[in-house]
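Participant: In the numbering used here, the protein residues as written are 3 to 227.
Okay, here's the structure, questions in a sec.
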Ligand SMILES: Nc1ncnc2c1ncn2[C@@H]1O[C@H](COP(=O)(O)OP(=O)(O)OP(=O)(O)O)[C@@H](O)[C@H]1O
Ligand SMILES: [Mg+2]
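Structure below.
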C-alpha cells in the first residue's frame with residue numbers, strides 16, 4: 003500500500019530531517035511511528051500527504067510514485083488519505099455536521115449522500131447527538147473524534163494521524179486510540195505518530211522508531227523503547 007524508498011529530506015538551511023528512510027506499510031496495517039521530538043515523524047507524514055517534497059527518494063502509494071503526481075492531481079491523492087492533527091483544525095464558525103460535510107461538498111456528493119455519510123460517521127465516532135454543536139462547545143476528546151470523522155467520511159484507504167492524543171488526558175487518549183484501531187479494523191491503513199508510551203505499549207501494534215531522521219527499529223509487535 004505505502005512503500006518508502008531511500009527517502010531523504012534536507013531543509014534549505016542544510017538540516018537533514020530524513021536520512022535514507024525505507025519502509026513498507028501493508029494494506030490495512032496499523033503502525034505507530036514513535037521517536038523523540040525532532041526525529042522526523044511529522045516530516046515523514048507530510049511527505050506521504052504531499053504537504054512537502056522529498057529531496058531524494060520516492061514514496062509509492064499503490065505502486066504510484068508520488069513525485070510523478072502533478073500539482074493538479076494532489077486533491078485526488080488527498081481524497082485517498084485522511085489526516086488528523088494534534089490541534090484539531092476544525093472550522094470554528096461551522097457546526098460539527100458542516101465541518102464533516104464540507105469535504106464531501108467539495109467532492110460534489112449529493113445532499114442525500116452527504117446526509118447519509120455524515121450520519122454514519124457520527125455514529126461510528128459516537129457523537130450523533132452533537133451534530134449541531136459548534137467546535138467551542140465540545141471537549142478536546144470530542145473535537146478529536148470529529149476530526150477523525152471528518153478525515154474518514156469519504157472512506158479513504160489510508161489514515162495518517164500526527165499526535166492525535168497530544169493535547170488530551172489519558173482516558174480520552176485511550177478512547178481515541180481505540181477509535182483509530184476500530185477504523186483500522188474497517189479496512190483502513192493507519193499510521194499514528196505519537197509520544198504516548200503507555201498507549202503504544204498497551205495496544206500491541208507494529209512500532210516503527212525514528213531517531214535523528216533514521217528508522218532505528220521496526221517491530222511487528224513492539225514497545226516504545
Ligand atoms: N523548514 C525547516 N527548516 C529546517 N529544519 C526543519 C524545518 N522543518 C523541520 N525541521 C527540522 O526537522 C526535524 C524533524 O522535525 P519533525 O517535525 O518532523 O519532528 P517530529 O519527530 O515530528 O517531532 P515532534 O515529536 O516534536 O512532533 C526537526 O529537528 C526540525 O527542527
Ligand atoms: Mg511532529
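Just so it is clear, CB atoms sit at the ideal spot from N, CA and C, and this is done for glycine as well.
Any idea if residue 17 is buried or exposed, counting beta-carbon neighbours within 10 angstroms, 16 or more meaning buried?
Facilitator: Its Cβ having fewer than 16 others within 10 Å, residue 17 is exposed.
Participant: Quick check on residue 224: buried or exposed, where buried means 16 or more other Cβ atoms within 10 Å of its Cβ?
Facilitator: It is buried - the Cβ of residue 224 has at least 16 other Cβ atoms within 10 Å.
Participant: Rank 102, 76, 75 by C-alpha distance to the C-alpha of residue 86 and give the top, closest one.
Facilitator: Comparing Cα positions, the closest option is 102.
Participant: If you draw a straight line from the C-alpha of residue 126 to the C-alpha of residue 184, how long is it?
Facilitator: Roughly 9 Å separates the two Cα atoms.
Participant: Check each residue's C-beta against every heavy atom of ligand 2 and list, in chain order, those closer than 7 Å.
Facilitator: This criterion selects 43, 44, 164, 165, 195.
Participant: Which complete beta strand (DSSP E) runs does the segment 121–190 hold, if anything under 3 residues is left out?
Facilitator: If we require 3 residues or more, the beta strand (DSSP E) runs fully inside the segment 121–190 come out as 160–164.
Participant: Would residue 160 and residue 181 qualify as a contact pair, given that the criterion is a beta-carbon distance under 9 Å?
Facilitator: The answer is no: Cβ separation not under 9 Å.
Participant: Since I believe residue 81 is in contact with residue 198 (beta carbons under 8 Å), could you give me their beta-carbon distance rounded to a whole number of angstroms?
Facilitator: With 8 Å as the limit, residue 198 and residue 81 do not qualify as a contact, their Cβ atoms being about 29 Å apart.
Participant: Mapping the DSSP letters down to three states, classify residue 119 as helix, strand or coil.
Facilitator: If DSSP states are grouped into helix, strand and coil, residue 119 belongs with the helices.
Participant: Can you check DSSP and say which residues form a bridge with residue 58?
Facilitator: According to DSSP, residue 58 bridges with 10.
Participant: How about residue 175: is its Cβ closer than 8 Å to a heavy atom in ligand 1?
Facilitator: No.
Participant: If contact is defined by three or more beta carbon pairs under 8 Å, each pair taking one atom from either stretch, is the segment 137–148 in contact with the segment 103–112?
Facilitator: As far as the Cβ criterion goes, the segment 103–112 does not touch the segment 137–148, which means the pair count is below three.
Participant: State whether the segment 201–218 contacts the segment 30–41, with contact taken as three or more CB pairs (one from each stretch) at a distance under 8 Å.
Facilitator: Touching, per the Cβ criterion.
Participant: Should residue 162 and residue 192 be called a contact, given that it needs their Cβ atoms to be closer than 9 Å?
Facilitator: Closer than 9 Å, so yes.
Participant: What does the Cβ neighbour count give for residue 84, buried or exposed, with the cut at 16 atoms within 10 Å?
Facilitator: Flag for residue 84 reads buried.
Participant: Once the 5 residues before and after residue 141 are set aside, which same chain residues still bring their CB inside 8 Å of it?
Facilitator: So the qualifying residues of the chain are 174.
Participant: Any heavy atom of ligand 1 closer than 8 Å to the Cβ of residue 162?
Facilitator: Checking every heavy atom of ligand 1 against the Cβ of residue 162, none is found closer than 8 Å.
Participant: Thinking C-alpha only, which one of 166, 221, 179 is nearest residue 88?
Facilitator: Nearest of 166, 221, 179 to residue 88, Cα basis: 166.
Participant: Should residue 39 be counted as a contact of ligand 1 given a C-beta to heavy atom distance under 8 Å?
Facilitator: Under cutoff, so the answer is yes.
Participant: Flag residue 198 as yes when its Cβ comes closer than 8 Å to any non-hydrogen atom of ligand 1, and as no otherwise.
Facilitator: For ligand 1, not one heavy atom lies less than 8 Å from the Cβ of residue 198.
Participant: Roughly how many angstroms separate the alpha carbons of residue 1 and residue 15, rounded to a whole number?
Facilitator: A question about residue 1 goes unanswered here, because the residues of the chain that appear run from 3 up to 227.
Participant: Once DSSP output is grouped into helix, strand and coil, what is the label at residue 46?
Facilitator: In the structure shown, residue 46 sits in a helix (DSSP, three-state: H, G or I).
Participant: Considering only the beta carbon of each residue, do residue 4 and residue 99 sit closer than 9 Å?
Facilitator: The answer is no: Cβ separation not under 9 Å.
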